[in-house]
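Student: Here it is: the structure, laid out below.
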């Protein structure tokens with residue numbers, strides 16, 4: 001199915017990050033914009049990343065398991 005440039009999708013990777021695609025604004029806990037440098041970004045779900053909110057692959061070594 002073709003994607004439109006303004007479409008936003010969020011996909012959960014098994015035992016890994018959330019992949020966010022499309023033009024969406026991400027803000028931190030203070031409401032400040034978090035800069036995005038790519039059209040698709042990986043958001044951490046395991047809580048172990050050293051570069052929040054982005055995934056750094058830590059889920060592969062900390063034993064994180066998702067339910068989806």
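Numbering (the working numbering), first residue to last: 1 to 68.
We treat Cβ as the ideally placed atom computed from N, Cα and C, and that holds for glycine.
Please determine, among 45, 12 and 54, the residue with the shortest C-alpha to C-alpha distance to residue 37.
Tutor: Here residue 37 refers to the residue found at position 37 when the chain shown is read from its first residue. Closest option to residue 37, judged by alpha-carbon separation, among 45, 12 and 54: 54.
Student: From the DSSP secondary-structure annotation, give me the bridge partner or partners of residue 6.
Tutor: Indexing the chain shown from 1 puts residue 6 at position 6. The beta-bridge partner set that DSSP reports for residue 6 is empty.
Student: Mind listing, in chain order, the continuous beta strand (DSSP E) runs of no fewer than 3 residues lying wholly within the region 25 to 65?
Tutor: Runs found: 40 to 43.
Student: Spatial neighbours of residue 13 within its chain, please: CB distance less than 7 Å, with the 5 preceding and 5 following residues excluded, ordered by chain position.
Tutor: For the purposes of this step, residue 13 is taken as the residue at position 13 of the chain shown. Apart from the 5 residues on each side of it in sequence, residue 13 sits with its Cβ closer than 7 Å to the Cβ of 19 in its chain, given in chain order.
Student: Would you mind working out which of 40, 44, 31 and 35 sits nearest residue 21, comparing C-alpha positions?
Tutor: Taking the first residue of the chain shown as position 1, residue 21 is located at position 21. Minimum Cα distance to residue 21 is reached at 40.
Student: Determine, using beta carbons only, whether residue 43 and residue 23 come nearer to each other than 8 Å.
Tutor: Taking the first residue of the chain shown as position 1, residue 43 is located at position 43. Taking the first residue of the chain shown as position 1, residue 23 is located at position 23. No.
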